[in-house]
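*Asks:* The following block contains the structure, expressed as structure tokens.
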Amino acid sequence: MDYQFKDIEQKWQKFWAENQTFKAEDKSTKPKYYVMDMFPYPSGAGLHVGHPLGYIASDIFARYKRLKGFNVLHPMGYDSFGLPAEQYAIQTGQHPAITTEANIATYRRQLDQIGFSFDWSREVRTSSPDFYKWTQWIFMQLFNSWYNKDADKAESIEKLVSHFEQNGSAGINAVCDDDILSFTADEWKGMSNQAQQEELLKYRLTYLRESTVNWCPALGTVLANDEVKDGFSERGGYPVEQKKMMQWSMRITAYADRLLKGLDTIDWPEPLKEMQRNWIGKSVGASVRFKLENSSDFIEVFTTRADTIFGATFLVLAPEHELVPLLTTDAQKADIDAYVAQAKKKSELERMAEAKTVSGAFTGSYAINPVNGEKIPVWIADYVLAGYGTGAVMAVPSGDQRDYLFAKRFELPIIQIIDIQKIETEADPTKEGKYINSDFINGLNYKEATAAVIAKLEEIGAGKAKINFRMRDAIFGRQRYWGEPVPVYFKDGLPYLIDEKDLPLVLPEVDKYLPTEDGEPPLARAKGWNYKPHTPPVAPSKSPPAGETLAAEAGSNFSEDEKLPDYLTGAYRETADAYIYEQLRDFSRENRKNPTHAENILWQLLRGSQIGHKIRRQHAIDAYIGDFVSLQKGLVIELDGHHHKLNKEADDIRTGVLNHFGFTVIRFSNDEVLENPQKVASVIKQKLDEMPERDLSKLSDTFPKRAVQVSPTGGDLEGASDDVEYSYELSTMPGWAGSSWYWFRYMDAHNDKEFASREAIGYWKDVDLYIGGSEHATGHLLYSRFWNKFLKDLGLVIEEEPFKKLINQGMIQGRSNFVYRLMDDEGRPINTFVSHGLIKQYKTSPLHVDVNIVDNEVLNVNKFKQWRPEYADAEFILENGKYICGVEVEKMSKSKYNVVNPDDLIDRVGADTLRMYEMFLGPLEQSKPWNTNGIEGVFKFLRKFWRLFHDADWNFKVSDAEPTKAELKSLHKIIRKVEEDIERFSFNTSVSSFMIAVNELTDLKSNNRAILSDMVIILSPYAPHICEELWVLLGNKPGSLSHTPYPQFNPDYLVEDEFAYPVSINGKTKLNLNISLSLEGADVEAFVLGSADVQKYLEGKTPKKVIVVKGRIVNIVV
RNA sequence: GCCUAGGUGGUGGAACUGGUAGACACGCAGGACUUAAAAUCCUGUUCGCCUUAAAGCGAGUGCGGGUUCGAUUCCCGCCCUAGGUACCA
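This is the structure:
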């Protein structure tokens, strides 16, 4: 039979699936090899011909490694959370899970028919609760960790708490927020739980912070920096604006240095490493404090050129700098205000566009240069960015071009500080030469000067060496539906982790996938979606309550009130039912012992009956604990921490419940209390004075009592606890959450106890080869490295880096074809089309034409007429009887009719041809336009290969004779070549070599079993279907090919007796001479010079010199 | 501007550490088979000059220089293309 690719391919795809041929073994004596692809987002459009490029390469590699005796893990999955499914859901109401499921089915079908050797038993989907359970779990570990700079690793938050308990904040060197408090151990213990939690949040590796975010109103979500291009969303191109929002962030900056250092240890493409280095943006320099002339305040600047400090003739602040109002003198106020207002109005784009114009304003104030006491003016200008460094620079016009232009524009002094500096027309940033005009560093070179200046600054306390990073913490949240819910709920405005037992926190159903009317994320639409803790939320790190002892230790002012009333009697009993009270009692006691700073201050003014009303602290009412409560008047006074604004909805519910029970609620912010506690106290007093007295004796009647049965088996207890509900975090995780750790899940994809077992991680360790696109350079690939390092710090994984070797496959661009429609004199189109070579003679307009009806730029005119009804009677102006189309390289997209679908090609020439052709196209890493021209060549090659095994009538026929020397030479050449090529990922050249080998064997009329058998093994990674078929025809067991050993290369077969030496004269090759390889240099020279042909070329001249490179070349110099 | 990669026939591309530039394939041209087409096979194909032909001569890896017996490969300067990035102090 002729080569029947369709039957063969279907047969073997079925066989592999049924026999799980490619299932990786969990335990193996073989060495491991982990080959992974960047898993796809299953989009609705399905695969185009560019997508499989990387998958084919990794599949060839995986199959090759199996032949080489490795236990290969080669998995595939889907990055199935994401925006497109959600956009589609918004438009159609279709649940994203359904769309995603359907798209995955399409992807799977398309992948299967290319014949990949994936271990599908390990498939992962980031949107599956089994998977995102562990994404949430890792989030929880991040929440429970802080970064210890001294140990240079992440540690558990318990460790930090125990340090605080023993030593206070002293001796902690952490990566954390700027506004951390400093406190003693006693002060720490004296804080309320609320205050402690607030403080700890400043250390956690995932934390809440008000940050300026890229808000896209059209998409209703926040975008990462790399999703915004020039002020517009990358997806959809909607405008993006800056907005302040409370957001979850990941403290990736803690790992900046390790992320940078790690790059030197991994085998990744240089451009990609460079992008990461830029993104991290480490600059080594110094921070310097410039004292203000008439104030104790100072301006801190960051500089990478501390050595130039004697050339600093002014300071420049960003217009947004916080000291600007303070610095501005009355005389300059109008100028400064105008400039700041103007700068504010300018968008990022305008600022960039005006980069060349110099503008600024003088504040009127002066600062003192710490090294020489010079008085220098302080200016503001928008070339200084608030977001980088300290938002202030010391301007050295002689060395920095921007400072130079600024100095020229505003006539500020420019001081030459290096002897060889040329500063007549522009700044000269040289580091060569010796310093002048620079006091104690005069005569020093750059290195010495930098060290000397920093030493001096440190000595006088005016600065120190500092390293600055450009990288910012990564925002970790989207106001979107189709993502992982964050395993957090809010209590009193502070975030708490849900219990690990409650994972996965499953994405709830909503009626619409849009934000709510008041701008809350879609998850706010989920009915009754609230958290019910198993125990009241207490910080996990808290020491167990130790009754009076702890209270005594806490010292402080809480002695008299501390004696707890019997909880079953008295007023407490009146306002909370017994069960809930029991639940809340410990918690409210806890709070009382650990008030926030503001609570503490206010309590000192309210306690007892100082204001004429009896006030209770942390009093339980129904399921809530009021901060301060007057039972007589029915007033609840609440103090809000700064996280409170997050939780307006929860607060409203709370207020509603309290109102229901006859309480009025008034709120103050912590800031109000801290600023003016007396005023707050007097407002409270006034309010209480106005309110009528309540009849407390009737309170127990009006209070709706539940029938409480204290039962160990639950029952009503469950029902009762339903009321203790807290609002979940409503944003979801960003797209990169699941992809930041998925390679571990493949190692142990069905584990429901751990994200992956220790044994699995211990065996597979890391990814040996990772193939994917470079578009993830600063997103996925940076975050993955971050999470990997974090998990390593926790001792959960082994390697510091996740991906040992990484290859970027090039982008496959589209190649569009055009036809040229003729226009009449008025520019109206006529139904006549002009061939590309003739368009200069006519007035035409180009139109995209479907590339599938064009073959080698020749339009199939009949198919074109059928393509669109309006072209049915189109006419053509041809050249040489053909219609030639124009060509342009563009992105592959439906609207440009240049999408080539792998399904069509597989139907036409088969998967094996497609696989080999995609490799044959060129180097894997190079971007190139797709061009189907030429696929025939590969198809012909496979037919030719098939024919080697068959006689003229297509009967299978091989000979069992001893292989000839020529056959062995062809075989061993290709054995070595393919080995070398695969190891250096040069797949295109090995396809060429296969063609050469098959051409040679065809010429030799070889059908030798031993030779062909090895050929089948070598070719099988590239064209697995045809090889499996031939393998069985050769008499082997079906399916055994994939794990059969790769043939051993034997150099003996390539040894030659003779070599055709190219003989060149003065470097120009003139002829070839066959010379025995047993001859050494001098003999070769004698042989060459003895040759009559050579003498002819020498024309009687005597050679000056003869160079002989054995086995390579002979060159004669005359 | 800066960083990184790259620039080779009509096209995709090959040439491992300096050693016969253009492998392999497409396309194109000519031919064989066929009533014809498809398929298949054969020959030629870097450019220019010369020749009936065989052969020969010259140029040639973005441009200009250099090192070398010999450079697509190494060095210097420049031009162009792609990707990244930016008032980053």
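What the first sequence shows, in our numbering, is residues 6 to 1123, in sequence order.
Using N, Cα and C, we set each Cβ at its ideal position, and we do this for glycine too.
Predicted, not measured: the structure shown is a model, and the values here were computed from it.
1. Within the chosen definition, does the stretch 961-974 reach the stretch 984-995 through at least 3 CB pairs nearer than 8 Å?
2. A291 and K471 look like a contact to me (Cβ under 8 Å); what is the Cβ gap, rounded to whole Å?
3. Name the one or two DSSP bridge partners that T211 has.
4. Taking the alpha-carbon of E246 as reference, which of C221, Q252 and D269 has the nearest alpha-carbon?
5. Among the candidates N813, L147, L910 and T969, whose CA atom is the shortest distance from the CA of S254?
6. According to DSSP, is T435 part of a helix, a strand, or is it coil?
7. Taking 7 Å as the limit between beta carbons, can you name the residues of its chain near V1113, skipping five residues before and five after?
8. Between which residues of its own chain and K1109 is the CB-CB distance below 7 Å, once the five residues before and five after are set aside?
9. Going by CA-CA distance only, name the one from D753, I803 and A742 that's closest to H785.
10. Taking the continuous alpha helix (DSSP H) assigned at N108, which residues delimit it?
11. Do you know offhand how far G575's Cα is from G617's?
12. When the distance is taken between beta carbons, is P57 closer than 8 Å to L119?
13. Going by DSSP, which residues form a beta bridge with Y733?
14. Identify whether Q623 lies in helix, strand or coil by the three-state DSSP scheme.
15. Only counting runs of 4 or more residues, tell me where the alpha helix (DSSP H) segments fall wholly within the stretch 11-95, in order along the chain.
16. Under the three-state reduction of DSSP, which class applies to I420: helix, strand or coil?
17. Identify whether Q818 lies in helix, strand or coil by the three-state DSSP scheme.
18. Do R621 and V634 have their CB atoms nearer than 8 Å?
19. Given a cut-off of 8 Å on the beta-carbon distance, is the pair S736 and R530 in contact?
20. So, M897 versus N906, is the Cβ gap smaller than 8 Å?
21. Taking 8 Å as the cut-off, decide whether the C-beta atoms of S150 and S167 are in contact.
22. With contact counted as at least three CB pairs below 8 Å, one residue from each stretch, are the stretch 948-965 and the stretch 1004-1019 in contact?
23. Given the structure, does E514 come close to the ligand SAM, in the sense that its CB is under 7 Å from one of the ligand's heavy atoms?
24. Please determine if the stretch 39-52 and the stretch 1058-1074 are in contact, where contact requires at least 3 C-beta pairs separated by less than 8 Å.
25. Mind checking which residues open and close the beta strand (DSSP E) that includes V398?
26. Is it a yes or a no for the stretch 806-825 touching the stretch 167-181, going by three-plus beta-carbon pairs under 8 Å?
27. Run through the DSSP bridge pairs and tell me what I1118 is partnered with.
28. Put T368 into one of helix, strand or coil per three-state DSSP.
29. From the DSSP output, in three-state form, read off C1032 for me.
30. For the beta strand (DSSP E) containing L852, name the first residue and the last one.
31. Excluding the 5 residues flanking N1012 on each side, which residues of the same chain have their C-beta closer than 7 Å to its C-beta?
32. Please confirm if the stretch 1077-1085 is in contact with the stretch 1061-1068, defined as three or more CB-CB distances below 8 Å between the two stretches.
33. Going by the CB atoms, is the gap between E643 and R672 shorter than 8 Å?
34. Three-state secondary structure (DSSP) at W748?
35. Could you give the DSSP three-state label for L843: helix, strand or coil?
36. Applying the 10 Å Cβ sphere with the 16-neighbour rule, what's the burial state of A916?
*Replies:* A quick look at the data gives this:
1. no
2. Residue numbering aside, residue 291 sits at position 286 when the first sequence is read from its first letter. Residue numbering aside, residue 471 sits at position 466 when the first sequence is read from its first letter. About 6 Å separates the two Cβ atoms, so the contact holds.
3. The residue given as residue 211 occupies position 206 in the first sequence. Its beta-bridge partners are M255.
4. Along the first sequence, one-based indexing puts residue 246 at 241. The shortest Cα separation from E246 among C221, Q252 and D269 belongs to C221.
5. Position 249 of the first sequence, counted from the first residue, corresponds to residue 254. Nearest of N813, L147, L910 and T969 to S254, Cα basis: L147.
6. Stepping through the first sequence from its first residue, residue 435 is reached at position 430. Three-state result, T435: coil.
7. Taking the first residue of the first sequence as 1, we reach residue 1113 at position 1108. G1086, V1089, E1090 and V1119, listed in sequence order.
8. Locating residue 1109 in the first sequence gives position 1104, counting from the first residue. Within the same chain, K1109 has close Cβ partners V1122 and V1123.
9. Along the first sequence, one-based indexing puts residue 785 at 780. Looking at the Cα atoms, A742 is the closest of the given residues.
10. To locate residue 108, count along the first sequence from 1; it is residue 103. It spans P101 to D117 - the alpha helix (DSSP H) in which N108 sits, taken as one unbroken run.
11. In the first sequence, counting from the first residue as 1, residue 575 sits at position 570. In the first sequence, counting from the first residue as 1, residue 617 sits at position 612. Legend: pLDDT at G575 = 33, less than 50; position of this residue unreliable, no value from coordinates given.
12. On the first sequence, position 114 is the one that residue 119 refers to. On the first sequence, position 52 is the one that residue 57 refers to. For clarity, residue 119 is Ile in the given sequence; the question names Leu instead. Contact flag set, yes.
13. Taking the first sequence and counting its residues from 1, the one referred to as residue 733 is at position 728. Partner(s): Y494.
14. For the purposes of this step, residue 623 is identified with residue 618 of the first sequence, where counting begins at 1. Here Q623 sits in strand by DSSP.
15. 57-72
16. Against the first sequence, residue 420 aligns to sequence position 415. Reduced to three states, the DSSP call for I420 is coil.
17. Locating residue 818 in the first sequence gives position 813, where the first residue counts as 1. Q818 falls in the strand class under three-state DSSP.
18. Within the first sequence, the letter at position 616 stands for residue 621. Within the first sequence, the letter at position 629 stands for residue 634. Cβ distance < 8 Å, so R621 and V634 count as in contact.
19. In the first sequence, counting from the first residue as 1, residue 736 sits at position 731. In the first sequence, counting from the first residue as 1, residue 530 sits at position 525. Result no, Cβ atoms of S736 and R530 do not sit closer than 8 Å.
20. By 1-based counting over the first sequence, the position of residue 897 is 892. By 1-based counting over the first sequence, the position of residue 906 is 901. Contact: no.
21. Counting from one through the first sequence, the residue named residue 150 turns up at place 145. Counting from one through the first sequence, the residue named residue 167 turns up at place 162. Cβ atoms of S150 and S167: not closer than 8 Å.
22. yes
23. The ligand SAM is absent from the structure shown, which contains no ligand whatsoever.
24. no
25. Walking along the first sequence from the start, residue 398 turns up at place 393. Its beta strand (DSSP E) spans residues A397 to A400.
26. no
27. For the purposes of this step, residue 1118 is identified with residue 1113 of the first sequence, where counting begins at 1. I1118 pairs with V1114.
28. Residue mapping note: residue 368 aligns to position 363 of the first sequence, counting from 1. In this structure, T368 counts as strand in the three-state DSSP scheme.
29. Along the first sequence, one-based indexing puts residue 1032 at 1027. Helix, per DSSP.
30. Translated into positions along the first sequence, residue 852 becomes position 847. Looking at the DSSP string, the run of the beta strand (DSSP E) that includes L852 is T849 to V854.
31. Locating residue 1012 in the first sequence gives position 1007, counting from the first residue. Contacts found: L953, F954, K962, V963 and S964.
32. yes
33. Position 667 of the first sequence, counted from the first residue, corresponds to residue 672. Position 638 of the first sequence, counted from the first residue, corresponds to residue 643. Their beta carbons are under 8 Å apart, which means R672 touches E643 by this criterion.
34. Against the first sequence, residue 748 aligns to sequence position 743. If DSSP states are grouped into helix, strand and coil, W748 belongs with the helices.
35. Translated into positions along the first sequence, residue 843 becomes position 838. Three-state result, L843: helix.
36. Stepping through the first sequence from its first residue, residue 916 is reached at position 911. Answer is buried; the Cβ neighbour count reaches 16.
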